[in-house]
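Student:
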Amino acid sequence: MHLISRKGECGIEDSELVLLIRQGNDDAFEQIFDKYKNEAVRTAYLITGKKSICEDIAQEAFIKCYKHIGKLKNPAGFRAWFLRILTRTAWKYGREAGRETPAENIFEKAGQAGLELTARQYFTFEENRRLYAEIGLLEKKLKTVIVLYYFNGLSTKEIAKATGCLEGTVKSRLFTARKRLKSRLEIFYSTEKEKDADAACKVV
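Take my numbering: the final residue in the sequence shown is number 205, and no numbers are missing along the way.
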């Protein structure tokens, strides 16, 4: 399978496509593949920080999806189910790949690679470069919930399904991640202000 696919028909619900795939309709799989391939590659990159493996992760996730789609109990919940497969695959590849891309470069490199960055409106690339760097430093489970919540727009309930944990655990991880990010950013900007003050004193 290649990460290039012919454009499928628009407007068909995931649940309909899932049912068609179960009936052996390969065109339906092409459509659902085309619909989610960019999100899959982008999410894999944001979780692992490695451009070299993000397409392999997406490809393996789609293969697993195709093989096991008969086990999906609720066809309408395909996206959360697929992201669960993708997340677990990304974690596995991340462990095997070892060292990640330097945190301060991860989101910039995603943009350069043509991996579209999407986030809530108050997350703008230029204004929050440091925030993105700090997200990259989070441990994988905390980073994953941040990526799925802010960049994929999943609810805490959907993230729970995607990561295979309780919704309360997701909320706890989001709380911990936000708290940690806030603390690190406060330390960073406090240090930057001190540097600016010292520099100003030297000029005077």
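Yeah, the Cβ is synthetic: ideal placement off N, Cα and C, and Gly gets one too. None of these values were measured; they are calculated from a predicted model.
Kindly give me the distance between the Cβ atoms of I70 and Y94, rounded to whole angstroms, as I take these residues to be in contact under 8 angstroms.
Tutor: Actually they do not touch by this definition, with Cβ atoms about 21 angstroms apart.
Student: By how many angstroms is the C-alpha of S53 removed from the C-alpha of R23?
Tutor: Using only the alpha carbons, I get a separation of about 32 angstroms.
Student: For L73, which three-state DSSP category applies?
Tutor: L73 falls in the coil class under three-state DSSP.
Student: Near V19, what residues of its chain come up, given a Cβ to Cβ distance below 7 angstroms and the 5 sequence neighbours on each side ignored?
Tutor: I70, L73, P76, F79.
Student: Helix, strand or coil for G95 per DSSP?
Tutor: Three-state result, G95: helix.
Student: Quick check: the Cα distance between W92 and I13, rounded to an integer number of angstroms?
Tutor: Rounded to whole angstroms, W92 to I13 spans 31 angstroms at the Cα level.
Student: Where does E109 sit, in a helix, a strand or coil, going by DSSP?
Tutor: Residue placement at E109 cannot be trusted, given a pLDDT of 48 that sits under 50; what the coordinates show is reported in the next sentence. Three-state result, E109: helix.
Student: So, helix, strand or coil for K68, using DSSP?
Tutor: DSSP places K68 in helix when its eight states are reduced to three.
Student: Please classify R174 as buried or exposed, where buried requires at least 16 neighbouring CB atoms within 10 angstroms.
Tutor: R174 is buried by the Cβ-count criterion.
Student: Residue range of the alpha helix (DSSP H) that V146 falls in?
Tutor: 141 to 147 is the extent of the alpha helix (DSSP H) around V146.
Student: So what does DSSP say about K36, is it helix, strand or coil?
Tutor: Three-state result, K36: helix.
Student: Would you identify the three-state DSSP class for K180, choosing helix, strand or coil?
Tutor: K180: helix per DSSP, three-state reduction.
Student: Just to check my reading of the structure: T164 and T177 have Cβ atoms closer than 8 angstroms, yes? What is that Cβ distance to the nearest angstrom?
Tutor: The Cβ separation is near 14 angstroms, so there is no contact.
Student: According to DSSP, is S173 part of a helix, a strand, or is it coil?
Tutor: Of the three classes helix, strand and coil, the one that applies to S173 here is helix, per DSSP.
Student: Just mark R96 as buried or exposed, buried being the case when its beta carbon has 16 or more other beta carbons within 10 Å.
Tutor: Exposed, because fewer than 16 other Cβ atoms sit within 10 Å of the Cβ of R96.
Student: Taking the C-alpha atoms as reference points, what is the distance between L182 and I136?
Tutor: Near 7 angstroms, if we compare the C-alpha coordinates of I136 and L182.
Student: So, C55 versus Y46, is the Cβ gap smaller than 8 angstroms?
Tutor: A contact, by the Cβ cut-off of 8 angstroms.
Student: Let me check understanding here. Comparing Cα to Cα, which of K172, L186, K162 lies closest to R85?
Tutor: Ranking the options by Cα distance to R85, first place goes to K162.
Student: Only counting the same chain, and skipping five residues up and downstream in sequence, which positions put a Cβ closer than 6 angstroms to that of I147?
Tutor: I136, A178.
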